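In order, the protein sequences belong to chains A and B. First residue of the first sequence: 185, per the working numbering; consecutive thereafter. First residue of the second sequence: 110, per the working numbering; consecutive thereafter. Note that CB positions come from ideal geometry on N, CA and C, so glycine has one too. Fair warning: this is a prediction, and the values are worked out from it, not measured in the lab.
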Amino acid sequence: EDQVTQSPEALRLQEGESSSLNCSYTVSGLRGLFWYRQDPGKGPEFLFTLYSAGEEKEKERLKATLTKKESFLHITAPKPEDSATYLCAVKDGSEKLVFGKGTKLTVNP
Amino acid sequence: ETGVTQSPTHLIKTRGQQVTLRCSSQSGHNTVSWYQQALGQGPQFIFQYYREEENGRGNFPPRFSGLQFPNYSSELNVNALELDDSALYLCASSFGDRELNTFGSGTRLTVV
Numbered sequence: 185e186d187q188v189t190q191s192p193e194a195l196r197l198q199e200g201e202s203s204s205l206n207c208s209y210t211v212s213g214l215r216g217l218f219w220y221r222q223d224p225g226k227g228p229e230f231l232f233t234l235y236s237a238g239e240e241k242e243k244e245r246l247k248a249t250l251t252k253k254e255s256f257l258h259i260t261a262p263k264p265e266d267s268a269t270y271l272c273a274v275k276d277g278s279e280k281l282v283f284g285k286g287t288k289l290t291v292n293p
Numbered sequence: 110e111t112g113v114t115q116s117p118t119h120l121i122k123t124r125g126q127q128v129t130l131r132c133s134s135q136s137g138h139n140t141v142s143w144y145q146q147a148l149g150q151g152p153q154f155i156f157q158y159y160r161e162e163e164n165g166r167g168n169f170p171p172r173f174s175g176l177q178f179p180n181y182s183s184e185l186n187v188n189a190l191e192l193d194d195s196a197l198y199l200c201a202s203s204f205g206d207r208e209l210n211t212f213g214s215g216t217r218l219t220v221v
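Right, dumping it as structure tokens:
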């Protein structure tokens with residue numbers, strides 16, 4: 185059974201303090217690893233899809249990387265508006281996404 | 110291009126009642142998936158509809174059922190509501206088996 189574990193559960197940073205979020209996964213036949221951002225009471229907002237080990241993608245202050253067992257979401261010089269819950273999900277050959285519980289990021293000014 | 114819209118945004122029901130949640134998929138998308146997100150948890154897959162047929166189901170009992178209409182909009186029905194059904198229900202649409210899912214803002218269901 186596919187499993188996704190995210191760490192830490194919560195992270196507090198000062199504005200400008202860079203850090204990384206971790207997503208460890210086990211999946212039979214990875215068809216994609218997804219990062220989403222979710223604001224309170226809202227649906228997940230798509231950030232990145234990674235397909236194979238070694239792949240990297242960037243968007244503004246965010247950079248996602250992928251190995252055979254885990255993915256990292258690096259946040260460089262975060263701002264208060266980056267505060268949100270970041271969700272990681274994997275897809276195998278089936279129709280469903282399997283999500284982790286998320287990392288709640290708080291960036292203080 | 111319109112996104113995924115869900116209605117209602119909030120709903121309060123009594124245990125034992127039935128509820129219907131609605132979802133309009135993003136323009137050009139023909140596949141709709143439903144997820145349940147309990148507080149502090151990640152979304153869990155309920156089922157997916159493609160061309161009006163159920164195309165996969167997660168570990169949810171039969172009292173969770175759905176429909177997809179010719180215009181690709183969808184409904185999620187839950188019978189005999191239980192307190193544990195209180196959650197944010199998310200609808201996501203995609204085109205065929207393309208991995209990118211666009212999520213709606215969800216319906217917050219509270220069962221009392």
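DSSP-derived helix/strand/coil call for L192 of chain B = helix
Test: F169 of chain B CB closer than 8 Å to a CB of chain A = no
Using the DSSP secondary-structure output, state which residues sit across from N206 of chain A in a beta bridge.
-> A:S191 and A:F256
Using a Cβ-Cβ cut-off of 8 Å, state whether P264 of chain A counts as contacting chain B.
-> no
List, in order along the chain, the chain A residues whose C-beta lies closer than 8 Å to that of L209 of chain B?
-> F230 and T233
Sequence ranges, beta strand (DSSP E) only - wholly within the region 113-185 of chain B, length at least 3 = 114-116, 119-122, 128-133, 140-146, 153-159, 162-166 and 173-177
Min CB distance E240 of chain A to chain B below 8 Å = no
Chain B contacts from the region 276-292 of chain A (Cβ-Cβ distance under 7 Å) = S278, E279, K280, L281, F283, G284, K285 and G286
Residues from the region 159-190 of chain B in contact with chain A, defined by Cβ distance under 7 Å | N164, G165 and G167
Between the Cα of Q127 of chain B and those of B:G165, B:Y198 and B:E191, spot the shortest distance and give me the residue it belongs to.
-> B:E191
Which partner residues of L218 of chain B appear in the DSSP bridge assignment?
-> B:L120 and B:A196
Hey, would you say L197 of chain B sits closer than 8 Å to F212 of chain B, going by beta carbons?
-> no
Between A273 of chain A and F230 of chain A, what straight-line distance do the alpha-carbon atoms span, to the nearest angstrom?
-> 11 Å
Rounded distance between the beta-carbons of S255 of chain A and L271 of chain A, thought under 8 Å | Wrong, their Cβ atoms sit about 12 Å apart, outside the cutoff.
Would you check if the region 120-136 of chain B and the region 209-223 of chain A touch, i.e. whether three or more CB-CB distances between them fall below 8 Å?
-> no
May I have the straight-line CA-CA distance separating P117 of chain B from P264 of chain A, to the nearest angstrom?
-> 30 Å
Is any beta-carbon of chain B found at less than 8 Å from that of K226 of chain A?
-> yes
Compare the C-beta of L271 of chain A against all C-beta atoms of chain B and say whether one is closer than 8 Å.
-> yes
L214 of chain A, enclosing beta strand (DSSP E) - first and last residue = Segment: none, L214 of chain A is in no beta strand (DSSP E) and carries neither H nor E.
Could you tell me which chain A residues have their CB closer than 9 Å to the CB of R217 of chain B, listed as they occur along the chain?
-> G225
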